[in-house]
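Residue numbers (our numbering): 49 to 430. Note that CB positions come from ideal geometry on N, CA and C, so glycine has one too. Structure first, then comments.
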Amino acid sequence: MVRIAMVGTRGVPARYGGFETAVEEIGKRLAAAGHEVTVYCRGERHPEPEYLGMRLVHLPALEKKVAETLTHTGLSTLHAARRKIARQGADVALVFNAANAPLLPVLRALRIPVATHVDGLEWKRTKWSGTGQRYYRTAESLAVRWSDALIADALGIQDYYRERFGVSSVFIAYGAPILTAPDIAKLAEAGYEPGGYHLVVARFEPENHVHLAVEGYRRSTASKPLVVVGSAPYSDAYTAQVKELAGDDPRITFLGGVWDQDLLDALYAGALTYVHGHSVGGTNPSLLRAMGAGACVVAYDVNFNREVLGEEAGRFFGDAAALATEIEAAEAAPGAAADRGAAARKRASERYVWDDVAADYERLCEDLAARRLTRKALHRNR
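In C-alpha cells, the structure reads:
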C-alpha cells in the first residue's frame with residue numbers, strides 16, 4: 049500500500065477540466081487497488097470527507113489566474129507537510145501542472161518523492177502576459193530540477209522536455225470516455241438531431257482557434273448549423289473578436305458553457321463534425337471525449353492532434369479555407385464522416401483506457417515510494 053497525495057487541481061468530484069477528470073479516474077482506481085489516496089480540493093465542497101474511496105481535503109485559494117493554482121497548492125503543501133511531520137503523510141506526491149514547481153522544495157525537504165504532471169506548453173497561451181510567459185518558462189525548468197519524475201501526457205511533450213532540457217519523462221496519456229448510448233432525448237430537447245450540425249467545444253482562447261473555426265465555417269457553403277459551446281473566463285476581447293467574425297450569420301449559434309454532461313455527451317455524439325482547434329495542450333481531454341463519442345473530428349494540424357487521432361481517424365486543417373473544404377466534404381458524404389467517427393471511437397477504446405492509465409500511475413507511485421525511480425534516472429539524458 050502506498051499513501052498518495054494528489055495536488056494542484058480543483059479536485060473531485062470532477063466538474064471542470066481534464067486534470068480534475070484524470071484525478072477522479074486515476075484516484076478512484078488507486079483507492080480500489082488498496083492505496084491510500086488524498087486529493088486536495090478547492091471550490092465547491094463535497095458534503096462527505098471521502099469520495100469514491102479518496103480522502104478529500106478542502107483548502108481555499110485566491111481566484112486570480114496563476115495565483116489561484118499556486119496559493120491553493122501552497123496551502124496543500126503545508127497541510128501535507130504537517131501530516132508528514134505527524135507521521136501520517138504521503139509516501140508519494142502527484143503534482144499536476146508545472147506552474148506549481150516553486151513549491152516542490154517543501155515536499156522534497158520532507159523526503160516525499162514527487163512526480164510532476166507537466167501538462168502542455170502553457171507559456172504559449174496568449175492569455176499570459178510577458179511576465180506570465182516568463183513565469184511558466186521558469187516553472188518548467190524548476191519542475192525539471194526538483195521533481196523525481198516528470199509525467200508527459202503526449203509524446204510531443206516528451207520530445208519537448210528531452211530537446212529543451214535533456215531529461216527523460218514518463219509517458220502516461222489520459223483515458224477516453226467511451227459513449228455507447230448517448231441520450232438522444234437530451235439532443236431533441238435542445239432542438240438538434242443526430243448528424244444535423246457541426247460542433248465546436250472550447251474555452252475561448254486564441255490557441256484553441258475558435259476564431260478560425262467560425263471563419264472557416266462562414267467560408268463554407270454548409271447548410272447545417274455550427275453550434276459553438278464554450279466561454280472565456282479571462283478574454284472578453286477574444287470573445288468579441290469571435291462574435292464579430294460570426295456576424296449575423298443565422299447558421300451559427302453560441303450556447304455558452306454547457307454544464308449538463310449528458311447533454312454535452314449527446315452533442316458530441318450527434319455532431320456531423322466536431323471541429324477541434326486546440327494546439328498547445330498535449331493530449332486534449334475534449335478531443336478524447338469527442339473520439340469516445342464517435343464524432344467525426346476535424347482537428348487543427350499540430351503534432352499533438354495527429355498523435356491522438358492518427359491518420360485514419362481524423363481530418364486536419366491549418367487555415368480557414370482548408371476547414372471550409374472539410375466541412376463541405378462531410379456534408380457531401382455523411383457516411384464517410386460517420387465511418388471516421390467510428391474509427392476514432394475504436395482508436396480511443398484501444399489506446400486511451402483509464403484502467404491502463406491508472407495501472408501506469410500505480411507502477412510509478414510504487415517505484416517512487418520504493419526509491420526505484422530517482423532523479424538520476426530523470427536526468428540521464430543530460
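Under 7 angstroms Cβ to Cβ from residue i, same chain only, skipping five residues before and after it: list those, please.
i: G56; result: T117, T121, V143, F144, N145, N148
i: G389; result: G342, A343, C344
i: Y400; result: A221, Y222, G223, A224, L336
i: E98; result: L104
i: W171; result: Its pLDDT being 49, under 50, W171 is placed unreliably in this model, and the value from its coordinates should be taken loosely. The answer, listed in chain order, is Q181, Y184, R185.
i: L151; result: T121, G122, T125
i: L78; result: I52, V85, A406, Y409, E410
i: A385; result: L320, T321, C344, A378
i: A314; result: P230, D231, I232, K234, L235
i: T217; result: Sequence inspection shows Ser at residue 217; the Thr mentioned does not correspond to that position. Excluding sequence neighbours, S217 sits near L198, I199, A200, Q206, Y209.
i: Y286; result: F252, E253, P254, A280
Decide if residue i is buried, meaning its Cβ has at least 16 other Cβ atoms within 10 Å, or exposed.
i: W402; result: buried
i: L110; result: exposed
i: G65; result: exposed
i: R363; result: buried
i: E307; result: Checking the displayed sequence, the identity of residue 307 turns out to be Trp instead of Glu. W307 is exposed by the Cβ-count criterion.
i: A380; result: exposed
i: R430; result: Low local confidence applies: a pLDDT of 45 at R430 is under 50, so the model's placement there is unreliable, with the coordinate-based value given in what follows. Exposed, because fewer than 16 other Cβ atoms sit within 10 Å of the Cβ of R430.
i: G304; result: exposed
i: D310; result: exposed
i: D296; result: exposed
i: R93; result: exposed
i: R419; result: exposed
i: A157; result: exposed
i: R395; result: buried
i: E359; result: exposed
i: A261; result: buried
i: G340; result: buried
i: D284; result: exposed
i: A80; result: exposed
i: A202; result: buried
i: G383; result: exposed
i: P333; result: buried
i: A288; result: exposed
Check whether the Cβ atoms of residue i and residue j lie closer than 7 angstroms to each other.
i: A250; j: G278; result: yes
i: V350; j: L335; result: no
i: L190; j: V166; result: no
i: K76; j: G101; result: yes
i: L235; j: G318; result: yes
i: H259; j: V290; result: yes
i: G264; j: A368; result: yes
i: A129; j: V154; result: yes
i: Y316; j: H257; result: no
Got a sec? Which residues, its chain only, sit under 6 angstroms from residue i by beta carbon, not counting five neighbours each side?
i: L123; result: L107
i: E188; result: A146
i: F213; result: V192
i: C413; result: V50, I52, V140
i: I300; result: L274, A294
i: E68; result: T57, R58, A62
Taking DSSP as the reference, what is the three-state secondary structure of residue i?
i: Y245; result: coil
i: C413; result: helix
i: W78; result: The sequence shown places Leu at residue 78, not Trp. Here L78 sits in helix by DSSP.
i: E360; result: coil
i: G342; result: coil
i: Y64; result: coil
i: V277; result: strand
i: W171; result: Caution is warranted here: a pLDDT of 49 is assigned to W171, below 50, making its placement in the model unreliable, and the coordinate value is therefore given only provisionally. The answer is helix: DSSP assigns W171 an H, G or I state.
i: I205; result: helix
i: Y400; result: coil
i: Y222; result: coil
i: F213; result: helix
Which same chain residues, not among the five before or five after residue i, have their C-beta less than 8 angstroms away from its C-beta?
i: V346; result: T321, Y322, V323, H324, G362, R363, F364, F365, L371, E374, I375, A378
i: R90; result: R58, G59, H106, L107, P108, A109, E116, H120
i: H127; result: Y88, V105, L107
i: V71; result: M54, T57, G59, V60, A62, V87, F144
Quick check: does the Cβ of residue i come within less than 6 angstroms of any heavy atom belonging to the ligand NAP?
i: K394; result: Absence of the ligand NAP from the depicted structure is noted, as is the absence of any ligand whatsoever, leaving it without description.
| task | Count the C-beta pairs between the region 217 to 227 and the region 393 to 407 that are closer than 8 angstroms, then say yes if the count reaches three, no if not. | result | With a cut-off of 8 angstroms, the region 393 to 407 and the region 217 to 227 count as touching, because enough Cβ pairs lie within range.
* Asked: Touch check for the region 262 to 279 and the region 239 to 254: three-plus C-beta pairs under 8 angstroms?
  -> Yes, since at least three Cβ pairs between the region 262 to 279 and the region 239 to 254 fall closer than 8 angstroms, the two stretches touch.
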